[in-house]
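First up is the structure itself, then whatever we jot down about it.
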Amino acid sequence: MTLTPELDPFKLAKALSGKHLIGGKLVPAGCGEVFEVDNPATGEIIGTAAFGTKEDVDIAVISAKAAQKDWAKQSARARGKLVAECGRVLSAHVEELGRLVALETGKALRTESRVEAGVLADMFTFFGGLGSELKGETIPFNPDMLTVTVREPVGVVGCIIPWNVPLLLMAMKAAAALVAGNSVVVKSAEEAPLTVLRVAEIMNTVLPPGLFNMLSGFGPECGAPLVEHPDVKKVTFTGSVETGRIVYKAAAEKLIPVTLELGGKSPMIVCADADMDQAVAGALAGMRFTRQGQSCTASSRLFVHESIHDEFVAKVKAKVDAMVMGDPLDEKTDIGTIVSDGQLERVRSYIKIGEETKGATKHVCSALPTDPKLAKGRFVQPVIFTGMKNSDRLCQEEIFGPVCAVIKWSDYEDVLAQANDSEYGLAASIWTRDFKLAMDATKRLEAGFVQVNQNLVVQPGLSYGGVKTSGIGKEASLESMLEHFTHKKTIIFNMK
Ligand code: ADP
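Mapping to UniProt numbering: the sequence shown position 175 is 175, numbers consecutive.
What follows is the structure, encoded as structure tokens:
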């Protein structure tokens, strides 16, 4: 069966309303309840999502456990081929998925949502090609014994995802888990349940039923029972540090492995000799202004050398000023909206903290949309605070919004120490023409993803994940699939 792309996201949101995908079928929640999903650009209700509870988790895990048995018996290459086929089919739905994710998250279609839908398909294609890489080793243990290791799947994997890049984050977990021979139960974020449900529906036209299940619901009612379920043998979670700790503790009770991708407060260090235009473009990309700063890797601590500070800040501000804030579905829009009321309140509270910070100057960028249809939208003008100190709250706490703190620096050793003075360690970048200095910084910056003269986002094939409270484990690469979604079994043949 093939699904025809539905390019009207409002129609699609209604059609997907009130459902989980369990055992290959769209089904309502066992309790019969739903919760509303709104359009962050207008506040209008666009649909509903099934209110998942333990009852649904139990059914999904039973279904996933049954499907995993046959899946694990297939050759790794055959599994990879099917996952790659998911990538091919999903690539025909990029426009549809991009529009729906723009509608439910408020991320602009042209600058963010369509791009994310493309990476989703790419991630499945990438992992689909890795089936035959699930290799073990031969070990020269004893000349009379053949000693080998083989990679075996862990079983049912629980994937818990956030709302900011739901497609990409779900893909890098699920594609790796599936190719490695596992089955998957995903718990979507309450703010963005519909597009990932559509992805599940599309994938179920390719995969055997039960292998890939999608539940919607809230953390305590649906996420927690998934982590706690005795037949869930691995959990991969992306979200806040606070919830990550809860998930880690619950996994510890069961003694199962976890991968945690948590927050960040990533430093971007701009040196005096940096290519100014390249670094300005990098600050825009790194701060994710087009995603309203809603990114765990956002370069939200911008360290600029004192000799170029004023010019640099003026150029960044001018570029952000030129960005169009508006309806996420409009092709002219660069910047969309904040996802939820809770997040909006959080961002506003941090802007207030910035305003009250001694020595800080607030620079408000871009312009709010004037279209009366968007009057109830959760639009926030991006804010740059200069005159910040690394010890200020705005530089230590993750905001997850369009708020950038600029810190002036003069001494290299001091700026490195400040960049590392953070509980987080997800990403970092340095901008300079001095390659010896850049090499030194890459060795000393405490982060899992360090870049020189660029601020790329997650790429298929590159291990992604943080150190310190930014998380445990890596995702998006071959190594991550091997390390996090398989067990290594040692087998010894006595040949005497
Ligand atoms: P954010 O603040 O970005 O929404 P959260 O960490 O609260 O981040 O949420 C990330 C994901 O974790 C969401 O899918 C959410 O429903 C889920 N979640 C929240 N609480 C729990 C919990 N106690 N157990 C499992 N999952 C949870």
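Glycine included, every Cβ here is placed at the ideal spot set by N, Cα and C.
None of the values given here were measured: they were computed from a predicted structure.
Taking Ala318 as reference, the option from Gly359, Cys365 and Lys332 with the minimal CA-CA separation is Cys365. C-alpha of Ala176 to C-alpha of Asp414: approximately 40 Å in a straight line. Note on Gly32: under 16 other CB atoms within 10 angstroms of its CB, so exposed under the neighbour-count rule. Arg151 sits in a strand when the DSSP states are folded into three classes.
Distance from the CA of Met145 to the CA of Ile139, rounded to the nearest whole angstrom, comes to 9 Å. Proximity of the beta carbon of Thr243 to ligand 1 is indicated: a heavy atom of the ligand is located closer than 7 Å.
The DSSP-derived three-state label of Gln74 is coil. Per DSSP, Ser183 is one residue of the beta strand (DSSP E) stretching across Ser183 to Lys187. Every residue with a CB closer than 6 Å to a heavy atom of ligand 1 is listed here in chain order: Ile160, Ile161, Pro162, Lys187, Ala189, Glu190, Phe218, Gly219, Pro220, Gly223, Ala224, Val227, Gly239, Ser240, Thr243, Ile246 and Val247. Our two residues, Val179 and Val458, have alpha carbons roughly 19 Å apart in a direct line. Annotation for Thr432: Cys271, Asp273, Ala274 and Ala438 place their beta carbon closer than 6 Å to its own, counting only its chain and skipping 5 residues before and after. When only Cα atoms are considered, Glu201 and Phe124 end up about 15 Å apart. With contact defined as three or more Cβ pairs closer than 8 Å, the stretch 85-93 and the stretch 200-216 are in contact.
Pro402 and Phe379 have their C-alpha atoms spaced approximately 10 Å apart. The residue from Thr337, Gly80 and Ala447 with its alpha-carbon nearest to that of Gly43 is Thr337. In the structure shown, Gln278 falls within a helical segment according to DSSP collapsed to helix, strand and coil. Minimum Cα-Cα distance from Glu190 among the listed residues Asp122, Leu478 and Asp38 corresponds to Asp38. DSSP places Leu26 in the uninterrupted beta strand (DSSP E) bounded by Lys25 to Val27. Beta-bridge pairing by DSSP links Cys365 to no other residue. In the three-state reduction of the DSSP assignment, Arg301 falls in the strand class, which pools E and B. Secondary structure of Val61 (DSSP, three-state): helix. In the three-state scheme derived from DSSP, where H, G and I count as helix and E and B as strand, Val324 is classed as coil. The alpha-carbon of Ala64 is positioned some 50 Å away from that of Met388.
About 12 Å separates the Cβ atoms of Ala281 and Ser299, ruling out a contact at the 8 Å cut-off. Shown here, Leu416 sits in a helix according to DSSP, grouped into three states. Around the CB of Lys73, fewer than 16 other CB atoms lie within 10 Å, so the residue is classed as exposed. With 16 or more neighbouring CB atoms inside 10 Å of its own CB, Thr238 falls in the buried class. Taken through DSSP and simplified to helix, strand or coil, Ser429 comes out as strand. Contact between the stretch 94-109 and the stretch 6-22 is present: 3 or more CB-CB pairs across the two stretches fall below 8 Å. Taking C-beta atoms as the reference points, Ser240 and Leu262 count as a pair closer than 8 Å.
Our two residues, Glu446 and Lys362, have alpha carbons roughly 29 Å apart in a direct line. The criterion of a C-beta distance shorter than 8 Å is satisfied by Pro382 and Val320. The secondary-structure analysis by DSSP pairs Ile256 with nothing; it has no beta-bridge partner. Nearest to Ile384 by alpha-carbon distance, out of Pro369, Ser391, Ala417 and Tyr350, is Tyr350. For the set Gly342, Glu355, Val316 and Thr290, the Cα lying nearest the Cα of Val324 is the one of Thr290. Linking Gln343 to Ile407 through their CA atoms gives a straight-line distance of about 25 Å.
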